[in-house]
Amino acid sequence: RRLLAYLTDAGTIRERFKDEPGGPPPYWLIVLDDVHHVEENSAKLLGAMLQISQNSPLRIIMISRNRPSVYDRRDVHTRDLVSEMALKGLSKNEIENWLNELEISEDVEAVYQKTGGHPLALELFELYGQSVHVDWLQFIDDEILFKLPENEKRLLTTLANYEKPLSWEELA
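In the working numbering, the protein residues as written are 90 to 261.
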């Protein structure tokens, strides 16, 4: 209640934007990165902030590796209260531009194949000059592989021993 009162208080808004020309005041924008790390412990706070944003000039951007569970799926598909956007890695063209700016003569296709265009992998490449670096591999282990269920870990371990792709029949 206090946050909603503060965000919609006419005096606060006038004071914040007293030097701005007419028109409605701009929105407050809160950007929350890596929500997947805090969602479990802050679900009530995040849910409350989303509710407050419906009746105030507050807008929230949540960045997460998985779909947050703090809002109802109907908010996305039928109520149009939440918008979702899937982010992808950089394109080959963007990687090529990035490599050119840094004056790095590396095969764009090879860098793309090894990093998938993932910005963190590209930052590590920029820092260390290697398209596959121990920090990137550790990141993959920590954030992806170690969190897989045991049966999926066993499947990946088995598949890693093959030198060529398996057919669907062999996988089944």
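The beta-carbon is built from N, C-alpha and C at its ideal position, and this holds for glycine as well.
Note that the structure is predicted; figures quoted are calculated from it, not measured.
Query, Result
"Where GLN297 and ARG154 are concerned, what is the direct C-alpha to C-alpha distance, given to the nearest angstrom?", "The structure shown does not extend to residue 297, since the chain is modelled only from 90 through 261, so no value can be given for it."
"Where do the ends of the beta strand (DSSP E) carrying ARG156 lie?", "ARG156 -> no beta strand (DSSP E), and no H or E assigned at all."
"Quick one, which of ASP231, GLU252 and ILE193 has its alpha-carbon nearest GLU215's?", "ILE193"
"Where do the ends of the alpha helix (DSSP H) carrying VAL197 lie?", "197-204"
"Please report the distance separating the alpha-carbon of ILE119 from that of LEU135.", "11 Å"
"Report the residue from LEU170, ASP169, VAL171 and TRP117 whose alpha carbon sits nearest the alpha carbon of SER145.", "TRP117"
"Determine the direct distance from the alpha carbon of ASP196 to that of VAL124, and round the result to whole angstroms.", "34 Å"
"Go through its chain and collect everything with a Cβ distance to LEU121's Cβ below 6 Å, but skip five positions before and after it.", "MET151"
"My parser needs the beta strand (DSSP E) runs of 3 or more residues fully inside the stretch 137-191; what are they?", "147-151"
"Assess contact between the stretch 181-188 and the stretch 154-173, defined as three or more Cβ pairs (one per stretch) separated by less than 8 Å. Is contact present?", "no"
"Alpha carbons only, please: which of ASP164, THR247 and LYS177 is nearest the one belonging to GLU207?", "Looking at the sequence shown, residue 207 is not Glu but His. Residue LYS177 is the option with its Cα nearest to HIS207."
"Count the other CB atoms, across all protein chains shown, that sit within 10 Å of the CB of THR246; report buried if there are 16 or more and exposed otherwise.", "exposed"
"Roughly how many angstroms lie between the CA atoms of ASP164 and GLU173, to the nearest whole one?", "10 Å"
"Output the boundary residues of the beta strand (DSSP E) element that contains LEU118.", "117-121"
"Please name the residue, chosen from LEU191, GLU198 and VAL171, that lies closest to ASN182 on a Cα-to-Cα basis.", "GLU198"
"Mind checking which residues open and close the alpha helix (DSSP H) that includes SER249?", "In the sequence as presented, Ser is not what sits at residue 249; that position holds Ala. Run containing ALA249: 239-249, per the alpha helix (DSSP H) assignment."
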